[in-house]
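Asker: Numbering-wise (our numbering), the sequence shown opens with residue 1099 and increments by one. Just so it is clear, CB atoms sit at the ideal spot from N, CA and C, and this is done for glycine as well.
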Amino acid sequence: MTTILEVRDLGKSFGGVRAVDRLSFAIEEHAILGLIGPNGAGKSTLFNLINGVFTPDSGRVTFRGMDITGATPDVVARHGLARTHQIVQPLEAMTVLDNCTVGACFGRQNLPRARALQAAREAAVFVGLGDRLDSPAAQLTIAGKKRLELARALAAQPLLLLLDEVLAGLNPTEVERMIGVIRRLRERGITILIIEHLMQAIMSLSDRIVVLNHGQKLAEGAPAEVANTPAVIEAYLGDPALAAELVGKRRA
């Protein structure tokens, strides 16, 4: 397998707080890598370091063999890396189609407007918003805005997609639908790095999992291996019975 993203000895501090501390991991093409850990563990900060919102104090980010450390978000997007945000950020005065068109225009292929509109429609349809193309983003439900966030990133035609808690705030039916969308994204050849607190979902989706705690990598491995790691149970899962249940459901 070919490595698409490598993070090496990455570090970032805010004042006296070490948000990300000498973190290293890699993702193979077409894989789904889960990123878990307690609130404040550094997960969203890591996303911001990868896609250029923050500049790391140390370390390196390599994407498809290119050093993108400290590159701005627009440059990172042009290389084929897109993301969603934990707190949805739609352009609320614009329609669903126009939101997605923004993603297409500033994505990997720098599409002209006509082709961007086509890519935007395809992305909206893919996530289940095909019947809301002309609706203002402000009129969408939370679940709809989550789908729009994903569609806008997908319209950028990424090779690697960073998903920041796309399942948060959704009811069980909406969660299942979104999980289906994520699986279909991988089937299309998109590599995925996903932050998620719904353990059953991330255990079933991920090929491998990285666990962060206080900005450091606490564990890495296959989902069952990680769930059974004593340090992970103590710092995050809290209950060995929950770990056993998660492993059992994945095997089932």
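Give me the Cβ distance between threonine 1182 and glycine 1150, rounded to the nearest whole Å; I'm assuming they're in contact under 8 Å.
Answerer: Within the sequence shown, the letter at position 84 stands for residue 1182. Within the sequence shown, the letter at position 52 stands for residue 1150. Actually they do not touch by this definition, with Cβ atoms about 15 Å apart.
Asker: Could you tell me if isoleucine 1148 is buried or exposed, where buried requires 16 or more neighbouring beta carbons within 10 angstroms of its beta carbon?
Answerer: As a first step, residue 1148 is located in the sequence shown; it is residue number 50 there, counting from the start. Buried.
Asker: For the beta strand (DSSP E) that contains glutamine 1314, what are its first and last residues?
Answerer: In the sequence shown, residue 1314 corresponds to position 216, counting from 1. 1314-1319 is the span of the beta strand (DSSP E), which, as asked, contains glutamine 1314.
Asker: If I follow the unbroken alpha helix (DSSP H) through threonine 1271, where does it start and stop?
Answerer: For the purposes of this step, residue 1271 is taken as the residue at position 173 of the sequence shown. Run containing threonine 1271: 1270-1285, per the alpha helix (DSSP H) assignment.
Asker: Name the DSSP bridge partner or partners of proline 1154?
Answerer: The count along the sequence shown starts at 1 and reaches residue 1154 at position 56. Answer is none; proline 1154 lacks a bridge partner.
Asker: Let me know the secondary structure DSSP gives asparagine 1311 once reduced to three states.
Answerer: Along the sequence shown, read from residue 1 onward, the residue named residue 1311 stands at position 213. Three-state DSSP puts asparagine 1311 in a strand.
Asker: So is glycine 1132 buried or exposed if we call it buried at 16+ other beta carbons inside 10 Å?
Answerer: For the purposes of this step, residue 1132 is taken as residue 34 along the sequence shown, with counting starting at 1. So glycine 1132 counts as buried.
Asker: Please determine, among Ile1292, Glu1126 and Arg1162, the residue with the shortest C-alpha to C-alpha distance to alanine 1266.
Answerer: In the sequence shown, the residue the question calls residue 1266 occupies position 168. Comparing Cα-Cα distances from alanine 1266 to each of Ile1292, Glu1126 and Arg1162, the minimum goes to Ile1292.
Asker: Is valine 1200 closer than 8 Å to arginine 1250 when the C-beta atoms are compared?
Answerer: Against the sequence shown, residue 1250 aligns to sequence position 152. Against the sequence shown, residue 1200 aligns to sequence position 102. Result yes, Cβ atoms of arginine 1250 and valine 1200 sit closer than 8 Å.
Asker: Just reading off the alpha helix (DSSP H) that aspartate 1262 is part of, what are its end residues?
Answerer: Your numbering for residue 1262 matches position 164 in the sequence shown. Element bounds for aspartate 1262: not the alpha helix (DSSP H) but the beta strand (DSSP E), 1258-1262.
Asker: Secondary structure at leucine 1238, three-state DSSP: helix, strand or coil?
Answerer: If you number the sequence shown from 1, residue 1238 lands on position 140. The answer is coil: DSSP assigns leucine 1238 none of H, G, I, E or B.
Asker: With three or more beta-carbon pairs closer than 8 Å as the criterion, would you say the stretch 1227-1245 touches the stretch 1177-1193?
Answerer: They touch, by the three-pair rule.
Asker: Return the Cβ separation of leucine 1193 and aspartate 1229 in integer angstroms, given the expectation that the two are a contact with Cβ distance under 8 Å.
Answerer: Taking the sequence shown and counting its residues from 1, one reaches residue 1193 at position 95. Taking the sequence shown and counting its residues from 1, one reaches residue 1229 at position 131. Here residue 1193 turns out to be threonine, not leucine, going by the sequence shown. That belief does not hold up - the Cβ atoms of threonine 1193 and aspartate 1229 are roughly 13 Å apart, past 8 Å.
Asker: May I ask which residues mark the beginning and end of the beta strand (DSSP E) holding glycine 1109?
Answerer: Numbered from 1 along the sequence shown, position 11 holds the residue referred to as residue 1109. Start and end: 1101-1112.
Asker: Relative to the C-alpha of glutamate 1318, which residue among Ile1102, Ser1111 and Ser1122 is closest?
Answerer: Locating residue 1318 in the sequence shown gives position 220, where the first residue counts as 1. Closest option to glutamate 1318, Cα to Cα, is Ser1122.
Asker: What does a CB cutoff of less than 6 Å around glutamate 1104 pick up in its chain, not counting 5 residues either side in sequence?
Answerer: Indexing the sequence shown from 1 puts residue 1104 at position 6. So the qualifying residues of the chain are Ala1124 and Thr1160.
Asker: Return helix, strand or coil for alanine 1124, following the three-state DSSP convention.
Answerer: Within the sequence shown, the letter at position 26 stands for residue 1124. If DSSP states are grouped into helix, strand and coil, alanine 1124 belongs with the strands.
Asker: For glutamine 1237, which residues of its own chain have a beta-carbon under 6 Å away from its beta-carbon, when the five flanking residues on both sides are left out?
Answerer: Looking up residue 1237 in the sequence shown gives position 139. Result list for glutamine 1237: empty, nothing under 6 Å.
Asker: Per DSSP, what are the beta-bridge partners of glycine 1132 in this structure?
Answerer: Mapped onto the sequence shown, residue 1132 falls at position 34. Answer is Ile1292 and Ile1307.
Asker: Taking the Cβ atom as the reference point for each residue, do leucine 1310 and glycine 1140 lie within a distance shorter than 8 Å?
Answerer: Numbered from its first residue, the sequence shown carries residue 1310 at position 212. Numbered from its first residue, the sequence shown carries residue 1140 at position 42. Yes, these two residues count as a Cβ contact at 8 Å.
Asker: Taking only three categories from DSSP, how would you classify valine 1186?
Answerer: The residue you call residue 1186 lines up with position 88 of the sequence shown. If DSSP states are grouped into helix, strand and coil, valine 1186 belongs with coil.
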